[in-house]
Amino acid sequence: MQRFAKNRIKQARRINKFDTISYYVLQSMEDLVRISTREGATVYENSAMRKARENEIMNEKLKAEISPVLPEEFKNLQSTRKEVVVNGSVYSRKISPVLEDGVRIIGYVEVYRDITLARKISDELFHANKKINEDIVLARNIQQAILPTIKDFQNISFQFKHVPSNNLSGDIFDVIQIDKHRMGMYIADVVGHGISASIMTMFIREAIRTILSENGDLSPSEVVLELKERFGALKLDVSQYFTIIFAIIDTNEKTLTYVNAGHNATPLVFNENNMAEMRNRGRFISNIFPPLEYEERTLTLNPGDRFLFYTDGLLETMNRDGQFFGMDRLKKWIMKNPHSSRFLDKLTKDLQSFRWLEQKDDIAMLYMKIRG
3 MQRFAKNRIK
13 QARRINKFDT
23 ISYYVLQSME
33 DLVRISTREG
43 ATVYENSAMR
53 KARENEIMNE
63 KLKAEISPVL
73 PEEFKNLQST
83 RKEVVVNGSV
93 YSRKISPVLE
103 DGVRIIGYVE
113 VYRDITLARK
123 ISDELFHANK
133 KINEDIVLAR
143 NIQQAILPTI
153 KDFQNISFQF
163 KHVPSNNLSG
173 DIFDVIQIDK
183 HRMGMYIADV
193 VGHGISASIM
203 TMFIREAIRT
213 ILSENGDLSP
223 SEVVLELKER
233 FGALKLDVSQ
243 YFTIIFAIID
253 TNEKTLTYVN
263 AGHNATPLVF
273 NENNMAEMRN
283 RGRFISNIFP
293 PLEYEERTLT
303 LNPGDRFLFY
313 TDGLLETMNR
323 DGQFFGMDRL
333 KKWIMKNPHS
343 SRFLDKLTKD
353 LQSFRWLEQK
363 DDIAMLYMKI
373 RG
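Just so you know, the sequence shown maps onto residues 3 to 374 in our numbering.
As C-alpha cells, then:
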C-alpha cells in the first residue's frame, strides 16, 4: 500500500512537471493557440493569442471564430483546416478535438499560423511559373513557325517531321536555296532542352542563313567552320554545344556533299537495291576544341535515291520492354516501307505505337527523294 502511494506521488509529480513543460512550450509558440470547451468558452490562450487579441480587428475576427464548433464537423474525430484573413494577413486555422478516453469530445484546440509570407511566395511562384509556361508556349510556336516550307527543288522532294517532347526542342533542320541549282540543308541537335536550347536553335538557323547569303560559294566544311566561329563569339560556357550535319546539293553536278560535326544519328541513303549509312567524322560545335577542317564526302544523286536525316530521339525511342527502336529496327522498317508516299507520317505513327510511356526526347526527321 505504501509503495502504491509513493508511485502515485511520483506519477503526479511527473504529470505536474509535464504540465509545466507543456505550458511553457505553448507560451513560447509563435502560433496563436486557444483551447475552448465544446460550447465555445475559452479555457486557455497562449501569449501570442493574447497579444493578437490586443489588435481590435484581430480580436473581432477571433470572437467570430470562437462560436461553438458543431460536433458533426468532427464525426470522424479528425482535425479540420481552413484559412482566415485578418487585416490583410492570412492565417491557417487548424482545429482539433480534445478527446476523453479517445472517444468523447470535451473541447477543442485551435492553432492559428500566420502563412502570409508563405502564401505570398506561393502566389509569386505561381505567377512566375505561369509566365515561364507562357514563354515556353511562345518559343515552341516560334520554333514550329520557322520550320522549312520548301517541299520541292527541281527533281528533289522533301518531307519534314518534328515530334516535340514536353520540353522545348533542341532539334532543328532547314533547307535553304543558294542559287538556281544549289541548296544547303542541315539537321542539328543542341545539348539539353528548355528555353536555352530553343534559343540556340534559332541562333543556328539565322547564322547559317546569313552565312549562305553573304557567300554562297562556301563549301560545306567552310560553312560549318564559319558557324563555329560565330558560335565562339557568343563566349558561352563549354557545357553549351551542338551537333550538326550540313550538306550542299548541286542538281547540275547531281551531287550531295556533306560534313558531320559530331552528329551521332547517322543518316541513311537507300534505293531499290541498297542501303548505306552516311558515316563521316568530325567534332561537335563547342568552345572546347580549336577550329579544325571537317572532312567532306560527296555522293552521286541517282533517280530513286532516298535520304533520311534524323536526331537521336528516333533511335532512342523505347518500348515497354526497355528496348530502343535502334538502327537495326529502323533499317528493317525502311525495307518494309520503301515506297510510302507519306514516309515520315507512317514512320512517326509506327514510332508512337512502339513507344511506351511519354516521349523523353525530341525527334526531328528530314526525308529527301530524288525523282527521275
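Glycine included, each C-beta is placed from N, C-alpha and C at the ideal position.
Assuming residue i and residue j are in contact, meaning their beta carbons sit under 8 Å apart, how far apart are those beta carbons, in whole angstroms?
i    : j    : result
P222 : A249 : 6 Å
L316 : I247 : That pair is no contact at about 14 Å.
Y188 : I210 : 7 Å
I200 : L236 : The displayed chain sequence assigns Ser, not Ile, to residue 200. Between L236 and S200 the Cβ distance is about 15 Å, and since that is not below 8 Å, they are no contact.
N282 : Y260 : 7 Å
Which same chain residues, not among the five before or five after residue i, have their C-beta less than 7 Å away from its C-beta?
i    : result
L149 : F162 and H164
T22  : none
N289 : G234, L238 and V240
Residue i by DSSP, collapsed to three states: which one?
i    : result
K351 : helix
L119 : helix
F205 : helix
M367 : strand
E295 : coil
F155 : strand
S98  : strand
N57  : coil
T300 : strand
F327 : coil
H341 : coil
Y243 : coil
D181 : coil
E318 : coil
K389 : Nothing about residue 389 can be read from this structure; the chain reaches only from 3 to 374.
L238 : coil
A434 : Because the chain spans 3 through 374 in this model, residue 434 falls outside it and cannot be assessed.
In chain order, what residues of the same chain lie with their CB nearer than 6 Å to the CB of residue i, ignoring the 5 residues before and after it?
i    : result
L301 : L258
E47  : R36
K371 : S159 and R308
So, residue i versus residue j, is the Cβ gap smaller than 8 Å?
i    : j    : result
Y93  : S38  : no
I174 : R207 : yes
F286 : F244 : yes
R83  : K96  : yes
G218 : D181 : yes
F155 : M202 : no
F311 : L220 : no
S167 : K362 : yes
H341 : T253 : no
Quick one: what's got a C-beta closer than 8 Å to residue i's C-beta in the same chain, skipping five residues either side?
i    : result
R373 : N157, I158, S159 and P305
W335 : L349 and D352
V100 : I37, I107, I108, G109, Y110 and V111
Check your understanding: Does the stretch 299-310 come close enough to the stretch 224-231 to have 3 or more Cβ pairs within less than 8 Å?
Key -> These segments do not touch.
Exercise for review: Check whether the stretch 45-53 touches the stretch 19-37, taking contact to mean three or more Cβ pairs, one atom from each stretch, closer than 8 Å.
Suggested key: Enough Cβ pairs lie closer than 8 Å, so yes.
Check your understanding: Would the stretch 129-142 and the stretch 341-357 be scored as touching if the rule is three or more Cβ pairs under 8 Å?
Key -> Output reads no: the stretch 341-357 does not touch the stretch 129-142.
Check your understanding: Does the pairing of the stretch 264-275 with the stretch 192-202 give three or more beta-carbon distances under 8 Å?
Key -> With the rule of 3 Cβ pairs closer than 8 Å, the stretch 264-275 does not count as touching the stretch 192-202.
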